[in-house]
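Sequential numbering of the sequence shown, starting at 2, is according to this note's numbering.
Using N, Cα and C, we set each Cβ at its ideal position, and we do this for glycine too.
Below is one structure, written out as structure tokens; comments come after it.
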Amino acid sequence: MVEKNYYVRRIAQALITVWAAITFSFVTVRLIPGGPMDYIAAQIRQRSGGAVSSTRLNQMVEMYSNVNPDKPMLQAYVEYIVSVAQLDFGRSIFYADPVWNVLGPAIPWTMFVSLFALVIGTIMVFLIGGFLAVHEGDTWDVVGSYFVIFSDAVPYYIVGLVLLFTLGFGTEFFPNGGRYDNALTPGFNIEFMASVLRHAALPIMSFALTSWGGLEFRAHCTRIIGEDYVDVAELRGLPDSRIQLRYIGWNSMLPMYTGLMAGLASLFGGSVIMEQIFRYRGMGFYFYEATMARDYTTVMAAVILFTLVTVVGLLIADFTYGFIDPRAGHTQRESYSRSYRERLQRFLNRLRGGADESETIDDRIEGNRISASGAMSFDVDSSDFSRGEYIKERIDQSLLTPFRIIWTSPRARVGAIILSIFGFLGLFGPYLVPEVRPMQGPILLQPLESMRYPLGTDDIGRDLLAQQVLATRPMLVMMLSGAIVTLGLAIFFGVTSGYLGGVIDKVLMTVTDVMMNIPGLALVIVLAVILEPKSPVFVGFVLAIDNWPRLARQLRSQVLTIRGESHVEASRVLGLPTSSILSKNVMSRLMPMLTMGTVGSMRNILMESVGLYFIGVLPFTTSNWGVVLNIARNGGALSGMDRFHWLLAPILFIVTMTYGLQLFAQGTDRLFNPRLRARHAATVSTEDMEGGRGGSEGGDGAASAAD
């Protein structure tokens, strides 16, 4: 049953998110030393030739930014919120118009592309995912699954570049830029609408072909096919089409509904890169131009509007889900955190040296063993278990067993091989390839024309293979640093809030939801322009902002389930400390999700960093595949087949790396299956092996069939 105050809480949360975006904009403009406000003042001085008084300068800064540097902080903050609520974002320095006049008319164009891409992508997900579920286990399923994984691993801007080369420049039907034919008069007529569709076709296709969740939908369909009500429908003689659509398809769609609506936010944020590729004048196009021109007033207004549209979309998803699925409810779980009075009492007891109620069972057993000498002994005879055998067992279970499990999974095996190759190139690549320099080879040499330059050369004779190899190490450093930050923040917010619950849960999840609802890519672009990160490690830290909230949400959901299980409840009743329960009972169960989350964050950081280097947001201070893409496109790589290999070289490395990460993530969930570990461990006893074999045939067989 839906709680009566659920809608009120969701609206309040949405308002908090929008307020956070507005506050971030104000703080960025007003408080950062040498930041946007100082830059706006410098621009005004430059345009006026320095002949402007201090009072007039502050008045002009307020006119452009809606923030008066002379007024008290609180007063300026309140006035800024009031003006934004009236859609008054100030005046754009770059466009010399009110910001709303620039961004407002562009919002429908971005929404048009994003919604069409979402609808087409969703239809493709349902058709292909359902087809794979119906053909579960046969050749169609295996081939189709690998194709879906590959398509999901290709960044949308890569598909956009390929479509632009093959259909935009290769044919006359699809325009390579613009929103409509400038010779036409806008209006609701067939000719104009057809022109709009032709101009938007390639951006829509680029998003739709990569916004896949086919395997997830396949998994839901496969699960529902085994439900009793499906068997009953078949026994009643209902047509197969009705069973597949009404019973299987509809019920499989429901768990994905909110995720699909959340995908709208990703498409909306991704418009910044996509609209630059196709020169499509939507909101992302103007946001990018304002960013490059350091027009902070327009940039911060765009962040607020991005957030507002995303929040409205998620609200629609949440409010309509209950109507689509009557079983859906919104309930709160109880808190398992100890009361503050209990914590204070335990702390005072420790200060007084008294008994601690949180003393663990292991401590009590150890104390009884020492005090009651000879009554009970837990000493281990060293002759029964030597140190050498212990080391051998640890090596087998920690290194060899995971290797055997990965090697028996085709997906994980292929993914591990690909990642190992890139790891080798990252470590030893700079010593294996020559230094990249102009005229080191023939100009625009085609691939495979010379084994000395297997991928060819660019327009000034630089070795393309050497460029990609030298860029591998900075990319790996960036991905690893970003993944570490993502994992740390996700564990802190997700696990802590999920286990403790109560007020802590509400506060941490409010912060998480706010960060998740603000389009992360737009936020990353703003921070990248202000901070100008140059080190790959620093770039990874910045990109982690867009990755940790979703993983934190997933971890919290899993912890809410784990903390109610019997072994966790027993540990709490026995008085084990929270740190011990989290480390031994909870975190061990989260390892599959943490592993896949880490690999997934590395993939996202790779795709985002390449995209931001490609459009020139991140400074060109290090070797990067996105930098090569940028130079190749600006050098005319889309103008003909004799230059396209220049663009194809970094695309080959990007797609191969993302595909390897995707395959490895798909196969690593088997690493934490206890029965599989028992089967593949050489140091497990025969009885354990037989027990694991007898109890795991179903799970192992299912996993093997999926691979």
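Inset, instruction - Can you give me the Cβ contacts of Ala467 inside the same chain, cut-off strictly under 8 Å, excluding the 5 residues immediately before and after it? - result: Cβ neighbours of Ala467 beyond the five flanking positions: Val434, Pro435, Glu436, Val437.
Inset, instruction - Could you tell me the boundaries of the alpha helix (DSSP H) in which Val437 lies? - result: Segment: none, Val437 is in no alpha helix (DSSP H) and carries neither H nor E.
Inset, instruction - Classify Thr458 as helix, strand or coil using the three-state DSSP reduction. - result: The answer is strand: DSSP assigns Thr458 an E or B state.
Legend entry - Pair within 9 Å by beta-carbon distance, Ser272 and Met479: No.
Legend entry - Counted within 10 angstroms of its Cβ, other Cβ atoms place Pro651 as buried (16 or more) or exposed: Buried, because 16 or more other Cβ atoms sit within 10 Å of the Cβ of Pro651.
Legend entry - Neighbour-count burial assignment, Pro455, 16 or more Cβ in a 10 Å radius: Classification for Pro455: exposed.
Inset, instruction - Please state if the CB of Gly314 and the CB of Trp110 are separated by a distance shorter than 9 Å. - result: Gly314 is positioned such that its CB atom lies no closer than 9 Å to that of Trp110.
Legend entry - Whole-Å CB distance - Thr513 paired with Ala553, under 8 Å assumed: Sure, about 5 Å apart at Cβ, within 8 Å.
Inset, instruction - Give a yes or no on contact between the segment 544-559 and the segment 483-496, applying the rule of three or more CB pairs nearer than 8 Å. - result: Yes, they touch.
Legend entry - N- and C-terminal bounds of the alpha helix (DSSP H) containing Asp232: For Asp232, the enclosing alpha helix (DSSP H) stretches over residues 229-236.
Inset, instruction - Pick helix, strand or coil for Ala134, following the three-state DSSP scheme. - result: Looking at Ala134 - three-state DSSP - the assignment turns out to be helix.
Legend entry - Span separating the alpha-carbon of Asn102 from that of Gly145: Approximately 47 Å between the Cα atoms of the pair.
Inset, instruction - Within 10 angstroms of the Cβ of Leu440, are there 16 or more other Cβ atoms? Answer buried if so, exposed if not. - result: Reading off the sequence, residue 440 comes out as Met, not Leu. Met440 is exposed by the Cβ-count criterion.
Inset, instruction - Whole angstroms is fine: what's the gap from Trp626's alpha carbon to Pro73's? - result: Each residue's Cα considered, the two are about 47 Å apart.
Inset, instruction - Determine the burial state of Val504: buried for a count of at least 16 other Cβ atoms within 10 Å of its Cβ, exposed for fewer. - result: It counts as exposed.
Legend entry - Buried versus exposed, by CB contacts within 10 Å (16 or more), Leu128: Counting the other CB atoms within 10 Å of its CB gives Leu128 a total below 16, which places it among the exposed residues.
Inset, instruction - Give the DSSP-derived three-state secondary structure of Asp514 in the structure shown. - result: Reduced to three states, the DSSP call for Asp514 is helix.
Legend entry - Environment of Met592 [buried if 16+ CB atoms lie within 10 Å]: Residue environment for Met592: exposed (fewer than 16 other C-beta atoms within 10 angstroms of its C-beta).
Legend entry - Bounding residues of the alpha helix (DSSP H) (the contiguous stretch that carries Tyr96): Segment: none, Tyr96 is in no alpha helix (DSSP H) and carries neither H nor E.
Legend entry - Identity of the residue in Ala484, Asp464, Ser115 nearest Leu210 by Cα: With respect to the C-alpha of Leu210, the residue from Ala484, Asp464, Ser115 having the closest C-alpha is Ser115.
Legend entry - Beta-carbon spacing of Ile82, Ile23 below 9 Å: Yes.
Legend entry - CA-to-CA distance, Val540 to Ala472, given in whole angstroms: Rounded to the nearest angstrom, the two C-alpha atoms are 15 Å apart.
Inset, instruction - Could you tell me which of Met206, Gly105, Asn190, Gly416 sits nearest to Ala118, measuring between CA atoms? - result: That would be Met206, whose Cα lies nearest to the Cα of Ala118.
Legend entry - Sufficient close CB pairs (3 or more, under 8 Å) joining the segment 595-605 to the segment 632-643: In this structure the segment 595-605 does not lie against the segment 632-643, because fewer than three pairs of beta carbons, one per stretch, are closer than 8 Å.
Legend entry - Selected residue, minimal CA-CA separation from Gly161, among Met594, Arg224, Glu276: With distances taken between Cα atoms, Gly161 lies closest to Glu276.
Inset, instruction - Would you mind sorting Tyr500 into buried or exposed? The rule is 16 or more other CB atoms within 10 Å of its CB. - result: With 16 or more Cβ atoms within 10 Å of its Cβ, Tyr500 is classed as buried.
Legend entry - DSSP state of Asp643 mapped onto helix, strand, coil: Asp643 falls in the helix class under three-state DSSP.
Inset, instruction - Tell me whether Phe404 is buried or exposed, calling it buried when 16 or more other Cβ atoms sit within 10 Å of its Cβ. - result: For Phe404, the number of other beta carbons within 10 angstroms of its own is below 16, and it is reported as exposed.
Legend entry - Ala184 classed as buried or exposed, judged by whether at least 16 other C-beta atoms fall within 10 angstroms: Ala184 comes out exposed.
Inset, instruction - Tell me whether Asp182 sits in a helix, a strand or coil according to DSSP, three-state version. - result: Coil, per DSSP.
Legend entry - Contacting residues, own chain, Cβ-Cβ under 7 Å from Tyr65 (five flanking each side not counted): Excluding residues within five positions, the ones whose Cβ falls inside 7 Å are Ile41, Gly91, Arg92, Ile94, Thr298.
Inset, instruction - Give me the Cβ distance between Ala413 and Phe665, rounded to the nearest whole Å; I'm assuming they're in contact under 8 Å. - result: About 6 Å; that satisfies the 8 Å criterion.
Legend entry - Buried versus exposed, by CB contacts within 10 Å (16 or more), Met517: Buried, because 16 or more other Cβ atoms sit within 10 Å of the Cβ of Met517.
Legend entry - Boundaries of the alpha helix (DSSP H) in which Arg554 is found, first to last residue: In the DSSP assignment, Arg554 falls within the alpha helix (DSSP H) that extends over 549-563.
Legend entry - Exposure of Arg10, with buried meaning 16 or more beta-carbon neighbours within 10 Å: Arg10 is classed as exposed because its beta carbon has fewer than 16 other beta carbons within 10 Å across all chains shown.
Inset, instruction - State the start and end residues of the unbroken alpha helix (DSSP H) segment that holds Asn605. - result: Segment 588-615, the alpha helix (DSSP H) holding Asn605.
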